[in-house]
Amino acid sequence: QVQLVESGGGVVEPGESLRLSCAASGRNAFSINIMGWYRQAPGKGRELVATVTRRDWSDYADSVKGRFTISMDNVKNTVYLQMNSLKPEDTGVYYCGASFFSAMDYWGEGTLVTVSS
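Using our numbering, the letters of the sequence shown correspond one by one to residues 62 to 178.
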């Protein structure tokens, strides 16, 4: 089993930055190969934000490219999402996911990000 605990959400103004963290723990944590962030805006479905592998291969949604950076600490089994130049449309609940092979096998409970003036 794997447990995911997210932190770092909050309320910011447009143009500001936030850093999200998600720590994986449990007996299978070191078997995780991919971690990622997804988000769900009010009234919308969950969408991919970014994913990263233990080999540091990353992928981003077009809407966040150039503004967000995902990284993974392989020793701490922790994934980070540095979010810069935040926009109101970035508002939503951000969920951390972890995968052994492809589709996410585990999810965190989510952390709320609100971008508003």
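Don't be surprised by glycine CBs; every beta carbon is placed ideally from N, CA and C.
- A Cβ-Cβ distance of about 6 Å is found for the pair ILE93 and PHE161, placing them in contact under the 8 Å criterion.
- If you compare the alpha carbons of CYS83, GLY171, TYR167, TRP168 with that of TYR141, the shortest gap goes to CYS83.
- According to DSSP, GLU67 shares a beta bridge with CYS83.
- Sixteen is the threshold: when 16 or more other Cβ atoms of the shown chains lie within 10 Å of the Cβ of ARG100, as they do, the residue is buried.
- Residue pairing by DSSP puts PHE129 in a beta bridge opposite MET144.
- Residue state for GLU150 is assigned as helix, using DSSP reduced to three classes.
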